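Undergrad: My structure is below; once you've seen it, I'll send some questions.
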Amino acid sequence: MLGFDVSERTISRWMKRTPRDSEPAKRWLTFLRNHREAIAAMDFFTVPTIGFIRRSDSGLHHRYNRAA
Numbered sequence: 007m008l009g010f011d012v013s014e015r016t017i018s019r020w021m022k023r024t025p026r027d028s029e030p031a032k033r034w035l036t037f038l039r040n041h042r043e044a045i046a047a048m049d050f051f052t053v054p055t056i057g058f059i060r061r062s063d064s065g066l067h068h069r070y071n072r073a074a
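The sequence shown begins at 7 in the numbering used here and counts up one residue at a time.
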């Protein structure tokens, strides 16, 4: 990139390899399952008016259950 030739071995001495996560989708699914009771959901909808002017509105739905 800057005009210097550097061998792979030189780079490998300074940079550690990070382990590849083979199943990131499973971890995400586990997170969603564990937190499904406290996840907020957002709905967007359009409200037509008499003058055919579009009005966008949103509603925030949040369900939070606390253990008693």
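We put the CB at the ideal spot given by N, CA and C, even for glycine. Note that the coordinates shown come from a computational prediction; the quantities given were computed from them, not determined experimentally.
Give me the Cα-Cα distance between Thr-16 and Arg-26, rounded to the nearest whole angstrom.
TA: As a first step, residue 16 must be located in the sequence shown, where it is residue number 10. As a first step, residue 26 must be located in the sequence shown, where it is residue number 20. Between Thr-16 and Arg-26, the C-alpha separation is close to 22 Å.
Undergrad: Mapping DSSP to helix, strand and coil, what is Pro-54?
TA: Along the sequence shown, read from residue 1 onward, the residue named residue 54 stands at position 48. Residue state, collapsed to three classes: strand.
Undergrad: Which two residues bound the contiguous alpha helix (DSSP H) that contains Phe-83?
TA: Because residue 83 is not part of the residues shown, which for the chain are 7 to 74, the question remains open.
Undergrad: Excluding sequence positions up to five away, which residues of its chain have a Cβ less than 7 Å from the Cβ of Thr-36?
TA: Indexing the sequence shown from 1 puts residue 36 at position 30. For Thr-36, where only same-chain residues beyond five positions count, there are no Cβ hits under 7 Å.
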